[in-house]
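Asker: Shown below is the structure under consideration.
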Amino acid sequence: MPNVEDWRRHGRVTPAPMRERSSNGATSGIHHIPTDSAMKNADRSSSLVRDAVYDLLTSGPSSQSRIAHFIAQNPELLGDISISKLARQTNSGEASIVRFCRTLGFSGFREFRMAFTGEIERDKARRLTQYLTTEDTHVRPEIANLSAALQHSVAASARLLDYAQIERLTERLQSATRVEAFGMGVSAVCAELLSHRLIWLGIPMHSTGTVNIARGLAHGLDASAFAIGISYEGMSEETVAFLKTARDRGAYTLAITTRDKSAVSEVAHEVLLLSSAGPWPEPGSARLMPSMALLSECIAECLKGHKYLKIPQSSRTKS
């Protein structure tokens, strides 16, 4: 977790960014995938405070974890919420809120709220203009920016994927007598995408986005089953409950998320990380689907025996 000096050094309550991005950040146009160095610079988003909140979610005392959980689930509500209302929402006292803020290195709630909301606004602005370029004369800048952001999101997820992990998961998929996938909102669509791809390759897989059905399905699993929970920020209580129940019943559980320290990662046997790069998360956004399509195809190719993923040595030497 960043310490107090980190925030002081980066101006924690001023409009200046907490973590400066490199001047050669990704500014690629719509027809060009950003280079590795540009994408690495683009990944250095200003998220010191949010990352620290997630750390407390999984490692802090129960009272602080409860506060962190609410903030992580409702980041954009923090700007308009009072300390008394936050205390009521988290079943905490105002003194607990102050202790939470001081644990993060702030003198009090007001200072923490200013830094947290300022970080969100800076990140939103950065993501909106990150790939804008004047070179795309035939494409509106707004469309070019979104297209490049999605390309970057997929490329960033590709760098995170561990092919050895995918091979191990493929073996589990092949040996499972039953595979259940669950997610809420757009994550449910991601679960359906993965399920649709793998069913055609002989995997006995089913997905649902309905909470009551997922609860019943999880209760029916056993040691021969495989349960997959998908949650973008890793904060979905319903997905946590699904994975926890499936694990309690003996099933092997996998969490697919963009946060290695999150509620879903705490209850699953294994975590598969995708990139959170791209537009700022908002309800209904399909921001995770391009990366899920990449993961689905990668698993599919692995199931087919690496037929297309293995590049002949001759092809490498020619390039």
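Be aware that the sequence shown starts at 1, since it is given in my numbering, and climbs by one per residue. In this text, a Cβ means the ideal position worked out from N, Cα and C, and glycines have one as well.
1) Using the rule of at least 16 other Cβ atoms within 10 Å of the residue's Cβ for burial, across every protein chain shown, is I120 buried or exposed?
2) Count the CB pairs spanning the region 214 to 226 and the region 169 to 182 that are closer than 8 Å, and state whether there are at least three.
3) Please name the residue, chosen from L104, F226 and L194, that lies closest to A176 on a Cα-to-Cα basis.
4) To the nearest angstrom, report how far apart A293 and S62 are at their CA atoms.
5) According to DSSP, is I230 part of a helix, a strand, or is it coil?
6) According to DSSP, is L272 helix, strand or coil?
7) Could you spell out the range, first to last residue, of the alpha helix (DSSP H) harbouring E266?
8) At the level of alpha carbons, what is the spacing between W200 and V154?
9) Thinking just about the alpha-carbon of each residue, which of K304, A251 and V186 is nearest to the one in S285?
10) Given V240, which residues of its chain have a CB within under 6 Å of its CB, disregarding the five upstream and five downstream residues?
11) In angstroms, rounded to a whole number, what distance separates the CA positions of M184 and R110?
12) Sort H206, Q174 and V211 by Cα distance to A300 and report the nearest one.
13) Going straight from the alpha carbon of S253 to that of D162, what length do you get?
14) In angstroms with no decimal places, state the Cα-to-Cα distance between L104 and A95.
15) For I71, which residues from the same chain have a beta carbon less than 7 Å from its beta carbon, with the 5 sequence-adjacent residues on both sides left out?
16) Here's a check: name, in chain order, each residue in its chain whose Cβ is nearer than 6 Å to the Cβ of F116, leaving out the five neighbours to either side.
17) Taking DSSP as the reference, what is the three-state secondary structure of G118?
18) Between the C-alpha atoms of R249 and K304, what's the straight-line distance to the nearest angstrom?
Answerer: Put simply:
1) Numbered from its first residue, the sequence shown carries residue 120 at position 120. By the neighbour-count rule (16 or more Cβ atoms within 10 Å), I120 is buried.
2) yes
3) Stepping through the sequence shown from its first residue, residue 176 is reached at position 176. Looking at the Cα atoms, F226 is the closest of the given residues.
4) What you label residue 293 is simply residue 293 of the sequence shown in a count that begins at 1. What you label residue 62 is simply residue 62 of the sequence shown in a count that begins at 1. If I take the Cα positions, the gap works out to 37 Å.
5) Residue mapping note: residue 230 aligns to position 230 of the sequence shown, counting from 1. In the three-state scheme derived from DSSP, where H, G and I count as helix and E and B as strand, I230 is classed as strand.
6) Locating residue 272 in the sequence shown gives position 272, where the first residue counts as 1. Three-state DSSP puts L272 in a strand.
7) Sequence index remark: in the sequence shown, residue 266 carries index 266 (1-based). Run containing E266: A263 to V267, per the alpha helix (DSSP H) assignment.
8) If you number the sequence shown from 1, residue 200 lands on position 200. If you number the sequence shown from 1, residue 154 lands on position 154. Cα to Cα, W200 sits roughly 23 Å from V154.
9) As a working note, residue 285 is residue 285 in the sequence shown. Among K304, A251 and V186, the Cα nearest to that of S285 belongs to V186.
10) The residue labelled residue 240 in the question sits at position 240 within the sequence shown. The answer, listed in chain order, is A263, V264 and V267.
11) Locating residue 184 in the sequence shown gives position 184, counting from the first residue. Locating residue 110 in the sequence shown gives position 110, counting from the first residue. Roughly 33 Å between the two C-alpha positions.
12) In the sequence shown, residue 300 corresponds to position 300, counting from 1. Selected option, being the one with the closest Cα: Q174.
13) Working through the sequence shown from its first residue, we reach residue 253 at position 253. Working through the sequence shown from its first residue, we reach residue 162 at position 162. Position check: residue 253 holds Thr in this sequence, whereas Ser was assumed. Cα to Cα, the separation comes out at about 17 Å.
14) Start at 1 with the first residue of the sequence shown, and residue 104 comes out as number 104. Start at 1 with the first residue of the sequence shown, and residue 95 comes out as number 95. About 14 Å.
15) Sequence index remark: in the sequence shown, residue 71 carries index 71 (1-based). Once the five neighbours on either side are set aside, the close Cβ partners of I71 are V53 and L78.
16) Translated into the one-based positions of the sequence shown, residue 116 becomes position 116. For F116, where only same-chain residues beyond five positions count, the Cβ hits under 6 Å are V49 and L78.
17) Indexing the sequence shown from 1 puts residue 118 at position 118. Helix, per DSSP.
18) The sequence position of residue 249 within the sequence shown is 249, counting from 1. The sequence position of residue 304 within the sequence shown is 304, counting from 1. Their Cα atoms are separated by approximately 30 Å.
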